[in-house]
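Here's the structure, in structure tokens; my notes come after.
Numbering (the working numbering), first residue to last: 2 to 119.
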């Protein structure tokens, strides 16, 4: 059995006008760079979502995907509350972003407590 640790992230990108995009990746630094440089056609390029507003790290990709699906099912007001709980000024969290970013345990608790909410 491999002891290699796998990391996955669920994240929210925002535009200057607060359009939100929820995504999942196995390489947060690379994926944010791709969003910032508009390398892929799609929602984030169209709506200029270039600011990393929130993220959560997971050990297993299935957990990150479950979190992404849960958040995508939330109303916008709830997504904003999630961001503002840990990032009240909406600063770009990718400034100085490197792999090895620590999991935000407060955010993990919010998600666990909201698991059955819609």
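Every residue, glycine too, gets a C-beta built ideally from N, C-alpha and C.
| Query | Result |
| --- | --- |
| Nearest-angstrom beta carbon gap, residue 59 and residue 29 [assumed within contact, 8 Å] | Actually they do not touch by this definition, with Cβ atoms about 11 Å apart. |
| Rounded distance between the beta-carbons of residue 21 and residue 63, thought under 8 Å | The pair is not a contact, with the Cβ atoms about 23 Å apart (cut-off 8 Å). |
| Cβ neighbour criterion (16 or more within 10 Å) applied to residue 27 | exposed |
| Separation of residue 41 from residue 47, as counted between CA atoms | 10 Å |
| Collapsed DSSP secondary structure at residue 8 in the structure displayed | coil |
| Backbone secondary structure at residue 54 - three-state DSSP | strand |
| First through last residue of the beta strand (DSSP E) which encompasses residue 21 | 21-26 |
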